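The block underneath contains the structure these notes are about, expressed in C-alpha cells.
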Ligand SMILES: Nc1ncnc2c1ncn2[C@@H]1O[C@H](COP(=O)(O)OP(=O)(O)OP(=O)(O)O)[C@@H](O)[C@H]1O
Ligand SMILES: [Mg+2]
C-alpha cells in the first residue's frame, strides 16, 4: 500500500474546476517532486490532499485511511503536515513559539523531545529561538515553517515551494535539509519551481499542467526526457 494515494481527483474553487482527474502516489519514505507551470494547480493539489479543499470526484487515501472528506486537523492527527507556499509562519511569535504552535494539534503538554529533535535538525533555530519569526530572513523563515511541521513527527511532509525567492546558496541549504528530513524516515511531497534541482534529489516526480497529469517517472527519467526538458525545465 502506498502511504498516499491520490486517485482521479477533480477539485476547484466555486464554479471553476482546476484539477481534472489527477492521480499520484507517494510510497513510505519517498521524496516526490511535483513540477509544472504557474497556475497548473500544484498548490490546489496540495490543499486538496491536506483537506483545505475537498475533491469533487475521486479520492485521497493516506496510510490506509480515506481522507477525501476529512478536515485538516484530522489529517494532521493521522501523520501528515503541510507547509503552505505563503504565510507559513506566525510573524509576531518567536521561533520557539512557532514550534510550539506546530505541536498544538497533538495537545501534548511536554514538547521538549520534539523541540530537541527539530533543533538538532536546524541548529540555527536553537540559536534564534527567542527571535520573532517576522524578523528572520526568507530562508530562516522557511526553516521555522519546516521545523514547526516536524514537531508532530509526521509520516508525510507536504512542502509547497520551500525554496521560492531564496538565493542559490539558501536553495542548496533547504534541499540539503529536505534530504536529511527524508533520511529520518519522513516521506516528502514537494512542489518546486527549482525543477531541475528538486528532480535531482527526488526519488520520483510528476509534471502537472493545466490541472492534469502530464508526465511521471523517476527524477532521473524526467530530467532526461527531452519533452519534459523542453517544455518544463527550460531546455
Ligand atoms: N482561492 C482561489 N479561488 C479561486 N481561484 C483560485 C484560488 N486559488 C487558486 N486559484 C486559481 O487556480 C489556478 C491554479 O492555482 P494554483 O495556486 O493551484 O497554481 P500553482 O500551480 O500552485 O501555481 P504557482 O506555480 O504560481 O504557485 C489558478 O488559475 C488560480 O488563479
Ligand atoms: Mg503554487
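Residue numbers (our numbering): 645 to 879.
Just so you know, even glycine gets a beta-carbon here, dropped at the ideal spot from N, CA and C.
Predicted, not measured: the structure shown is a model, and the values here were computed from it.
Looking at C-alpha atoms only, which residue of the options is the closest neighbour of residue i?
i	options	result
residue 707	719, 713, 697, 696	719
residue 875	666, 862, 853	853
residue 809	845, 797, 823, 838	838
residue 652	703, 692, 843	703
residue 724	756, 815, 649, 821	649
residue 824	714, 813, 659, 794	794
residue 787	859, 755, 818, 655	818
residue 829	674, 657, 659	674
Within the same chain, show all residues whose beta-carbon is closer than 8 Å to that of residue i, passing over the 5 residues directly before and after it, in chain order.
i	result
residue 840	867, 877
residue 737	745, 776, 777
residue 861	848, 849, 869
residue 685	662, 663, 666, 852, 854, 855
residue 716	694, 695, 696, 726
Give me, in chain order, the residues of the same chain whose beta-carbon lies closer than 6 Å to that of residue i; leave out the 5 immediate sequence neighbours on both sides.
i	result
residue 740	773
residue 735	777, 778
residue 699	653, 655, 692, 712
residue 780	none
Starting from residue i, follow the beta strand (DSSP E) in both directions and report where the run begins and ends.
i	result
residue 802	800 to 804
residue 736	Neither: residue 736 is in no beta strand (DSSP E) and is coded neither H nor E.
residue 664	660 to 670
Shorter than 8 Å, the distance from the beta carbon of residue i to the closest heavy atom of ligand 2, or not?
i	result
residue 686	yes
residue 835	yes
residue 729	yes
Between which two residues does the alpha helix (DSSP H) carrying residue i extend?
i	result
residue 786	782 to 794
residue 651	Taken as a continuous stretch (DSSP letters only), residue 651 belongs to no alpha helix (DSSP H), being part of the beta strand (DSSP E) at 648 to 657.
residue 708	Careful: residue 708 lies outside any alpha helix (DSSP H) and carries neither H nor E.
residue 853	Element bounds for residue 853: not the alpha helix (DSSP H) but the beta strand (DSSP E), 848 to 853.
residue 688	686 to 694
residue 839	839 to 845
Cβ of residue i versus every heavy atom of ligand 1: is any distance shorter than 8 Å?
i	result
residue 657	yes
residue 856	no
residue 891	In the structure as shown, the chain starts at 645 and stops at 879, and residue 891 therefore has no counterpart that could be examined.
residue 841	no
residue 705	no
residue 744	no
residue 648	no
residue 852	yes
residue 681	yes
residue 803	no
residue 660	yes
residue 877	no
Less than 9 Å between CB atoms is the rule here; does residue i satisfy it with respect to chain D?
i	result
residue 659	Among the chains of the structure shown, chain D does not appear; only one protein chain is present.
Within its chain, find whatever has a CB closer than 7 Å to the CB of residue i; leave out the 5 residues flanking it on each side and keep chain order.
i	result
residue 646	669, 670, 671
residue 789	727, 732, 733
Can you find at least 3 beta carbon pairs, one from the stretch 798 to 805 and one from the stretch 821 to 835, that sit closer than 8 Å? yes
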